[in-house]
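Asker: Provided herewith is a single structure, encoded as structure tokens, for subsequent inquiry.
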Amino acid sequence: MSAGKTILITGASGGLGQAMARKLASDGFDLLLHYRSNHAAAEQLAVEVRAQGREARLLAFDVTDRAAVRAALDAAVAAFGAPYGIVVNAGITRDMAFPAMEDGDWDEVLRTNLDGFYNIVHPLTMPMVRRRKPGRIVAISSVSGLVGNRGQVNYSAAKAGLIGACKALALELASRQITVNCVAPGLIETDMTENLPGLDELKKLIPMQRAGTAAEVAAAVSYLMSDGAAYTTRQVLSVNGGLC
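The sequence shown finishes on residue 244 if you use full-length UniProt numbering, and the numbering steps up by one all the way, no holes.
Right, dumping it as structure tokens:
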């Protein structure tokens, strides 16, 4: 049962985050919606969630700012209690050939996609354990973290590291009935990809000959957050049309 359970979604104002929020709200979860700067999109999403009869509260911070993240999450736990679940979704790309990559391109991607996982999950782990109830942690990785992608050495490294972190944390939290899993999307239609050069050619490389949708990624997250996934942990659920 999802009634009375709260899930934190990072990067909730983006395309994937919005789809996950709508789906999880329809599943009956209350939500903590994180955003960095797009307050208008986050507020509109909160209105939609509340229209479904669920609670929606906004949290604004940069996931790379460890002190700010901890302060915000400590305050949220004090005010609302520990969440049932976390979706670590906030991420960025800085795609280019490796020889052309500058230090900042590497650092920003690793800090957001990998350090961001630590910054979010670490302050919430013990509060979730102290609930003495089952919980869920889902990190959004990528097909790039499974097989590597040309022009994404930084992103592939970060997303592969995310998978390793989740597999290790799953072992530590299994006895507490807190599951830890990854969802690894492939090419997904969002605002970030609609103007991607060579999009039609990329689709031809996918066995299903199309891009996925944000709703299809949200469905995978919904399953991993459900009671039916109580015995599913330390796994990577790929949503990539058969790409790997």
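Where a beta carbon is used, it is the ideal one built from N, C-alpha and C, also for glycine.
What separation, rounded to the nearest whole angstrom, lies between the Cα atoms of D27 and G135?
Answerer: In the sequence shown, the residue the question calls residue 27 occupies position 27. In the sequence shown, the residue the question calls residue 135 occupies position 135. The alpha-carbon atoms of D27 and G135 are separated by roughly 16 Å.
Asker: Run the CB neighbour count on D74, radius 10 Å, all protein chains shown included, and call it buried at 16 or more, exposed below.
Answerer: Mapped onto the sequence shown, residue 74 falls at position 74. The residue is exposed, with fewer than 16 neighbouring Cβ atoms inside 10 Å.
Asker: Can you tell me whether N195 is buried or exposed, with buried defined as 16 or more other CB within 10 angstroms of its CB?
Answerer: Within the sequence shown, residue 195 is the residue found at index 195, counting from 1. Exposed, by the Cβ-count rule.
Asker: Is the CB-CB distance between I7 and H34 below 8 Å?
Answerer: In the sequence shown, counting from the first residue as 1, residue 7 sits at position 7. In the sequence shown, counting from the first residue as 1, residue 34 sits at position 34. It is not a contact, given that the beta carbons lie outside the stated cut-off.
Asker: According to DSSP, which residues form a beta bridge with N181?
Answerer: The sequence position of residue 181 within the sequence shown is 181, counting from 1. Answer is V138.
Asker: Could you spell out the range, first to last residue, of the alpha helix (DSSP H) harbouring L196?
Answerer: Taking the first residue of the sequence shown as position 1, residue 196 is located at position 196. Element bounds for L196: n/a, residue is neither H nor E.
Asker: From the DSSP secondary-structure annotation, give me the bridge partner or partners of D200.
Answerer: As a first step, residue 200 is located in the sequence shown; it is residue number 200 there, counting from the start. The partner list for D200 (beta bridge, DSSP) is empty, contrary to what the question assumes.
Asker: Which word fits S37, buried or exposed, when buried means at least 16 other C-beta atoms lie within 10 angstroms of its C-beta?
Answerer: Translated into the one-based positions of the sequence shown, residue 37 becomes position 37. Burial call: exposed.
Asker: Classify K204 as buried or exposed, calling it buried when 16 or more other Cβ atoms lie within 10 Å of its own Cβ.
Answerer: Taking the sequence shown and counting its residues from 1, the one referred to as residue 204 is at position 204. It is exposed - the Cβ of K204 has fewer than 16 other Cβ atoms within 10 Å.
Asker: Express the C-alpha separation of R150 and D103 in angstroms, rounding to a whole number.
Answerer: Residue mapping note: residue 103 aligns to position 103 of the sequence shown, counting from 1. Residue mapping note: residue 150 aligns to position 150 of the sequence shown, counting from 1. Going by the C-alpha atoms only, they are around 18 Å apart.
Asker: The beta strand (DSSP E) spanning I163 covers which residue range?
Answerer: The residue you call residue 163 lines up with position 163 of the sequence shown. No beta strand (DSSP E) holds I163; the alpha helix (DSSP H) holding it covers V153 to L173.
Asker: Please report the distance separating the alpha-carbon of V180 from that of P99.
Answerer: One-based indexing of the sequence shown puts residue 180 at position 180. One-based indexing of the sequence shown puts residue 99 at position 99. Using only the alpha carbons, I get a separation of about 35 Å.
Asker: Indicate the three-state DSSP secondary structure (helix, strand or coil) for residue 245 in the structure shown.
Answerer: In this structure the chain extends from 1 to 244, so residue 245 is not present and cannot be described.
Asker: From N119 to V63, what does the alpha carbon distance come to, in whole angstroms?
Answerer: Here the question's residue 119 lines up with position 119 in the sequence shown. Here the question's residue 63 lines up with position 63 in the sequence shown. Distance between the alpha carbons of N119 and V63: 7 Å.
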